Amino acid sequence: MGTTRIWRLRREVWRLPEEGAVMGILNVTPDSFSDGGAYPTAAAAAARAEAMLAEGADVIDIGGESTRPGAREVSPEEEMRRVLPVIRALRKAGGMRLSIDTRHPEVARAALEAGADIVNDVAGLRAPGMAELCAEYGCGVIVMHMKGEPETMQRAPAYADVAGEVRSFFEERLAALTACGINPDCICWDPGPGFGKTAAHNLRLLAELDALRVADRPIMSAISRKRFLGTLLNSPEKGRSALATVTLSLFAAARGADIHRVHEPGPLREALTLWQRAAQHTPSSP
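Residues in the sequence shown are numbered from 2 upward in steps of one, following the working numbering.
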């Protein structure tokens with residue numbers, strides 16, 4: 002807390018809140034790991050988005066393909082069938098920032114045409130044409146590190162230096178994306194906890210978040226309901242609680258996270274607000 006960064010999106014240059022921005026997760030999938038099938042219609046999804054905004058979300062991230070460990074790839078046609086009615090309904094309602102969570106360029110293009118402001122790509126914009134597409138639209142991009150593919154990524158992931166490898170990946174992506182015409186101000190980094198990483202790897206990345214920062218771009222913490230929380234608590238059920246997510250999200254915020262992607266925005270927004278107000282009354286060191 003204390004550094005305010007900007008993030009250039011398709012329709013605005015967003016000055017991120019000093020206490021941290023909150024991204025609400027809206028999965029319109031039948032098989033996501035914690036909320037699959039919860040919002041089977043566009044109307045139900047739109048109602049959930051409105052509720053998350055009321056709870057304090059700054060942006061809504063809409064996903065039509067589960068990328069949980071072991072998940073199989075969904076066709077772009079099926080993904081578009083799921084997400085486009087929701088994006089159109091939310092854009093028509095107005096008053097919110099919208100992100101499309103996809104690794105498929107054809108889905109990203111359709112979502113941007115429908116009104117999305119951000120492309121959140123678990124594949125780090127590595128699919129042919131994805132970077133050029135995002136440069137064309139001038140949208141915000143979230144570049145995530147993933148080792149392997151969702152179907153196989155959790156089969157004994159190993160690193161010599163997980164933090165060093167993730168930072169090197171971001172450095173390589175910065176060079177590649179800017180060469181394709183993406184403005185560096187459009188980029189946000191996501192270390193990808195749970196995507197080809199053990200619980201120990203995830204904790205190391207959280208502890209060294211600020212050291213992962215490349216080009217002073219925002220870093221996103223995306224740990225909500227991840228399986229490693231249940232591993233740490235020896236209880237899958239407790240790992241899915243809002244308390245578990247809020248606790249480690251505050252840990253991430255203290256180490257440099259600018260944005261937090263969560264299923265339940267309300268508890269985290271309250272925690273971040275309280276932390277900021279307490280920090281404002283903390284005497285400075287001599």
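Ideal placement from N, C-alpha and C gives every residue a C-beta, glycine not left out. Every value quoted in this text rests on a predicted model; they were computed, and no experiment measured them.
Opposing strand residues paired with residue i [DSSP bridges]
i: Asp122; result: Val144
i: Asp62; result: Ile26, Ser100
i: Met53; result: BP columns for Met53 are empty, so no partner.
i: His261; result: Val23, Ser222
i: Cys181; result: None; Cys181 has no bridge partner.
i: Arg256; result: Answer is none; Arg256 lacks a bridge partner.
i: Ile188; result: Val142
i: Arg11; result: Answer by DSSP bridge pairing: none, since Arg11 is not bridged.
i: Arg16; result: Ile7
Burial state of residue i (16 or more Cβ within 10 Å)
i: His282; result: exposed
i: Asp32; result: Any reading at Asp32 must be qualified, since the residue scores a pLDDT of 47, below 50, and its modelled position is unreliable; no value is offered.
i: Asp136; result: Looking at the sequence itself, residue 136 is Ala, so the reference to Asp does not match. The residue is buried, with at least 16 neighbouring Cβ atoms inside 10 Å.
i: Leu275; result: exposed
i: Leu251; result: buried
i: Ala255; result: exposed
i: Arg12; result: exposed
i: Leu273; result: buried
i: Thr4; result: exposed
i: Glu20; result: buried
i: Arg73; result: exposed
i: Ala46; result: buried
i: Pro284; result: exposed
i: Ser67; result: buried
i: Val75; result: buried
8 Å contact criterion, which residue i and residue j should meet: CB distance rounded
i: Leu99; j: Leu91; result: 6 Å
i: Asp122; j: Arg262; result: Contact flag wrong, Cβ pair sits at about 13 Å.
i: Ala216; j: Asp191; result: In fact, because the Cβ distance is near 15 Å, the residues do not count as touching under 8 Å.
i: Arg218; j: Cys189; result: 6 Å
i: Pro77; j: Val108; result: 5 Å
i: Ser199; j: Pro158; result: Sequence check: residue 199 is Thr here, not Ser. Yes, Thr199 and Pro158 are in contact; Cβ-Cβ is about 6 Å, under 8 Å.
i: Leu206; j: Val167; result: 6 Å
i: Leu178; j: Ala132; result: 5 Å
Beta-carbon proximity check, residue i vs residue j, cutoff 8 Å
i: Gly197; j: Lys148; result: yes
i: Ala112; j: Ile143; result: no
i: Ser59; j: Ala117; result: Reading the sequence as shown, one finds Asp at residue 59 and not Ser. No. Outside cutoff.
i: Gly96; j: Arg9; result: no
i: Pro194; j: Asn184; result: no
i: Asp259; j: Arg16; result: no
i: Arg269; j: Thr246; result: Note that residue 269 corresponds to Leu in the displayed sequence, not to Arg. Taking 8 Å as the Cβ cut-off, Leu269 and Thr246 qualify as a contacting pair.
i: Gly130; j: His146; result: no
i: Gly165; j: Leu210; result: no
i: Glu79; j: His105; result: no
i: Ser225; j: His264; result: yes
i: Cys181; j: Gly139; result: no
i: Gly57; j: Arg83; result: no
Any non-hydrogen atom of the ligand FAD within 7 Å of residue i CB
i: Ala216; result: In terms of ligand content, the structure shown is empty, and the ligand FAD therefore cannot be addressed.
At least 3 beta-carbon pairs within less than 8 Å: the region 51-61 vs the region 17-28: Contact between the region 51-61 and the region 17-28 is present: three or more C-beta pairs spanning the two stretches fall below 8 Å.
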